[in-house]
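Participant:
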Amino acid sequence: MVSYRSKENIQRIILYVVIGAIGFAFVFPFFWMIISSLKLNKDVLSLPIRFFPPKWNWRSYRNVFFEFPDFDFPRYIFNSFIVAVFAVLLCLFFSATSGYGFAKYKFKGNNLLFTIVLSTIMISFEAIVVPLFILVRRMGMQNSYLGLIIPESLTAFGVFMMRQFFYAVPNDFIEAARIDGANEYAIFVRIGIPMAKTALLALVIFHAQWVWNLLLWPLILISTPEMRTLPQGIALFKGGYNTPYPEQLAVSVIACIPILILYIFLSKYFVQGITMSGLKG
Amino acid sequence: MAGDVRFIKGELMRKVSYSVTRLQRHGYVFILPTLIFFSVFLIYPMISAFRLSFCEWNLLSPKVFVGLKNIKTMLHDTRVINSFWRTIHFSGISVAAINLLAFAFAIMFSSRLIRWKNFLQSMIFLPVILSIVAVGVVWEYMYQTTGLITIIFRRLFGVTIPWLVNTRVTPYAMIIIYVWKAVGYYMVIYIAGLLDIPDSLYEAARIDGAGFWGQLLYITIPSLRNTITLAVVSCVIFSFGQFTIQYVITKGGPSRSTEILALLIFRQAFEFSRFGYSAVISVLFFLSLLIFSLIQLRLFKSGAIQG
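For the record, the sequence lines run as chains A and B. Heads up, the first sequence is in our numbering, so the first residue is 1 and it goes up one at a time. Heads up, the second sequence is in our numbering, so the first residue is 1 and it goes up one at a time.
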């Protein structure tokens, strides 16, 4: 018994060391991003490498707001916020309504239409980006928020997730409400939506993260500096102006913060959403 | 009294059966907005990519129909062929590495020996939620000649690896970033899958004398078949369309060794204004992904979608 225990303890220690080391390796680049953003430009690539800055330098965080006239950082943050908020709301709308429709109604062609929607997962954004640009341009939405938001709000993945979720939810409440004479849309709003809170919040973090980080679409659609989104701004900031590393890294750290905060509040739903929606298969 | 009840019940039944078919039609209203928007902004562009691939167009002058010219050019264009293999290489290795690691991590976390699971898991998950452009900035910095990673490798193995300037190394530098970024996501999916396997299966296996590897081979993997299919297929789709890392760090270089298809599509259209040619590459991209996904789904023949 004793030897069994100690064997288990050794296993436990090994597991902790291995997982701890892996976890450390995964987190480290983010730490390094923060630490290095606080170094002076002459220290970022100097040898020997020192973990902590020889001299702490907070100026880069101030500089990125004031010292680069072509880099309108607050504006990019604002643009990214607008796009992310509305793209996520629209995504929730599409996913919840159609997920509910596909899961809770047995109309003709249900399976066929669902299969069609689902198969759009295979249409990568990259494959349609050129014709999509031509279409959006013809609709007069070039260089506009609307042009950014609409294509970024469509995800078959969200529809799939909500459909699987509603499918697993029993019909009892819906039937009861029907017998009470409630109309179908009221049932959806008052019963369907509250039941799906977890899945919807999971979708919020999923989709917000995705939209916040998109680079390709804004890169193509946006032609004037004041409409740029954050990823686009950073990519240009990095490539264009021979920018010092501390400033580049400071901008990067700031860009990561909003989603990080969202994740801290919603991480529970994220995992639950994956577990509950049957996304895992 | 009894008649009353029977009357109400009958009325109710009539009401329900009368409305059953009509009721189900409300479903169309629920799915309509999605169908419209998906058709206009996803399916239509896909179809017009096929159409556009038979044309020559620079967006300013009128479109010219050129038939199969673009396809012929593409099949002999070493730049496209290079890009195609670079994409397969990037995707293949990334998908294998991501899924193996994610699976291994999930197995480790399923051990009852460790605690603080949520904390440790979120460490591995962190890169998933970081901005990918920001991540590109810090990795590029770490890959510099006197950057952290280069120095660590020099200390440990005594070699200086030219991470960003060597045609054989740089593709792997990109893969490492992508794997690091994506593993956490798939780990969560595998963990969710593992939780669904009933303990009784493992107990039975233990009674039959199966060790860790036996249980893994005969219980865990077969039970996770659907999860694995779904994870691998979606991983292929995402990695195939990877664009940002290469765009931010290498711009396709050195010597086009990291010029993956998405980057080439972007360039042909928006740097060289060859929209028709770009469309034909998009079609190549789409079809290879489609064929690959179908083969994969057929191979596993899964009931990944319930209902």
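A virtual CB, placed ideally from N, CA and C, is assigned to each residue, including glycine.
#1: Is there a Cβ of chain B sitting closer than 8 Å to that of A/W56, yes or no?
#2: A/L262 to B/V280, Cα distance in whole Å?
#3: Measure how close the beta-carbons of A/L230 and A/Y76 come, nearest whole angstrom, since I'm counting them as under 8 Å.
#4: Looking only at its chain, what residues have a beta carbon closer than 8 Å to the beta carbon of B/L299, apart from the 5 residues adjacent to it on each side?
#5: Tell me the rounded alpha-carbon separation between A/P54 and A/L45.
#6: Within 8 Å, do at least three Cβ pairs link the region 98-105 of chain A to the region 250-263 of chain B?
#7: Based on the DSSP output, what are the partners of A/V117 in its beta bridges?
#8: Can you name the residues of chain A whose CB is closer than 9 Å to the CB of B/W180?
#9: Using a Cβ-Cβ distance cut-off of 8 Å, determine whether A/P74 contacts chain B.
#10: I want to see whether chain B comes within less than 8 Å of A/I10, judged by CB atoms only; does it?
#11: Please classify B/H76 as buried or exposed, where buried requires at least 16 other C-beta atoms within 10 Å of its C-beta.
#12: Could you have a look at B/E56 and say whether DSSP puts it in helix, strand or coil?
#13: Which residues of the region 41-68 of chain A have a Cβ closer than 9 Å to any Cβ of chain B? Give them in chain order.
#14: Which ranges does the beta strand (DSSP E) cover as unbroken runs of at least 3 residues, wholly within the region 75-136 of chain A, from first to last along the chain?
#15: Give the C-beta separation of A/F94 and A/S153 to the nearest angstrom, bearing in mind that I take them to be a contact with Cβ-Cβ under 8 Å.
#16: Measuring CB to CB, does B/S83 end up less than 8 Å from B/E259?
#17: Does DSSP put B/F65 in a helix, a strand or coil?
#18: When Cβ atoms are compared, which residues of the region 200-232 of chain A fall closer than 7 Å to chain B?
#19: Give me, in chain order, the residues of the same chain whose beta-carbon lies closer than 7 Å to that of B/T150; leave out the 5 immediate sequence neighbours on both sides.
#20: Straight-line CA distance for B/L264 to A/F52?
#21: Counting only runs that start and end within the region 87-167 of chain B, where is the alpha helix (DSSP H) found for 4 or more residues in a row?
#22: Going straight from the alpha carbon of B/E271 to that of B/W85, what length do you get?
#23: According to the neighbour-count rule (16 or more other Cβ atoms, all chains shown, within 10 Å of its Cβ), is A/N9 buried or exposed?
#24: What are the residues in the region 225-251 of chain B lying within 7 Å of chain A by C-beta distance?
#25: Sorted by chain position, which residues of the same chain lie with C-beta nearer than 7 Å to A/G109's C-beta, five sequence neighbours on each side aside?
#26: Rounding to the nearest angstrom, what Cα-Cα distance links B/L139 and A/A182 in this structure?
#27: Helix, strand or coil: which one does DSSP assign to A/S144?
#28: Beta-carbon separation of A/V136 and B/A49 under 8 Å?
#29: Do B/V236 and B/S200 have their CB atoms nearer than 8 Å?
#30: Quick check: is the beta carbon of A/L236 nearer than 8 Å to any beta carbon in chain B?
#31: I need the DSSP call for A/L45, collapsed to helix, strand or coil.
#32: Work out the CA separation of A/C91 and A/A168 for me, nearest whole Å.
#33: Which residues in chain B sit within 7 Å of A/Y126, going by Cβ to Cβ distance?
#34: Give the straight-line distance between the Cα atoms of A/L266 and A/V85, rounded to the nearest whole angstrom.
#35: Is B/H26 close to chain A, meaning its C-beta is less than 8 Å from at least one C-beta of that chain?
#36: Mind listing the chain B neighbours of A/V88? Cutoff is C-beta to C-beta under 7 Å, in chain order.
Facilitator: Checking against the coordinates, here is how it stands:
#1: No, no contact with chain B.
#2: The straight-line gap from Cα to Cα measures roughly 40 Å.
#3: Contact between A/L230 and A/Y76 holds, with the beta-carbon distance rounding to 5 Å and staying under 8 Å.
#4: Counting only Cβ-Cβ distances below 8 Å, and skipping sequence neighbours, we find nothing.
#5: About 12 Å.
#6: Short answer: they don't touch.
#7: Its beta-bridge partners do not exist; DSSP assigns none.
#8: Ordered by position in chain A, the residues that pass the 9 Å Cβ test against B/W180 are A25, F26 and P29.
#9: No, A/P74 does not count as interfacial toward chain B.
#10: Taking Cβ atoms only, chain B never reaches closer than 8 Å to A/I10, which makes this a no.
#11: Counting Cβ neighbours within 10 Å, B/H76 comes out exposed, since fewer than 16 surround it.
#12: Correct three-state label for B/E56: strand.
#13: Listed by position, the residues of the region 41-68 of chain A near chain B (Cβ gap below 9 Å) are V44, L45, S46, L47, P48 and I49.
#14: The region 75-136 of chain A contains no whole beta strand (DSSP E) run of 3 or more residues.
#15: So it is a contact: roughly 7 Å between Cβ atoms.
#16: Taking 8 Å as the Cβ cut-off, B/S83 and B/E259 qualify as a contacting pair.
#17: In the three-state reduction of the DSSP assignment, B/F65 falls in the strand class.
#18: Within the region 200-232 of chain A, the qualifying residues are Q209, W212, N213, L215, L216, I220 and P231.
#19: Same-chain partners within the cutoff: Y143, Q144, T160, I161 and W163.
#20: Per the coordinates, the alpha-carbon of B/L264 lies some 40 Å from the alpha-carbon of A/F52.
#21: If we require 4 residues or more, the alpha helix (DSSP H) runs fully inside the region 87-167 of chain B come out as 117-129, 132-142 and 148-157.
#22: Using only the alpha carbons, I get a separation of about 22 Å.
#23: Around the C-beta of A/N9, fewer than 16 other C-beta atoms lie within 10 Å, and the residue is accordingly described as exposed.
#24: Residues N226, T227, T229, L230, I237, F240, G241, F243, T244, Y247 and V248.
#25: The beta carbon of A/G109 sits closer than 7 Å to no other beta carbon from its chain once the five residues preceding and following it are set aside.
#26: Residue identity differs from the one stated: residue 139 of chain B is Trp in this sequence, not Leu. Cα-Cα distance, rounded: 56 Å.
#27: Coil, per DSSP.
#28: Contact: no.
#29: In this structure, B/V236 keeps its C-beta atom at 8 Å or more from the C-beta atom of B/S200.
#30: By this cut-off, A/L236 is not an interface position.
#31: Of the three classes helix, strand and coil, the one that applies to A/L45 here is coil, per DSSP.
#32: Rounded to the nearest whole angstrom, the C-alpha separation of A/A168 and A/C91 is 21 Å.
#33: One point to set straight first is that residue 126 of chain A is Glu, not Tyr, in the sequence displayed. For the C-beta of A/E126, the chain B residues within less than 7 Å are, from N- to C-terminus, G241, F243, A262, I265 and F285.
#34: Taking the straight line from one Cα to the other gives about 16 Å.
#35: For B/H26, the answer is yes, since a Cβ of chain A falls inside 8 Å of its Cβ.
#36: Simply none; closest approach about 14 Å.
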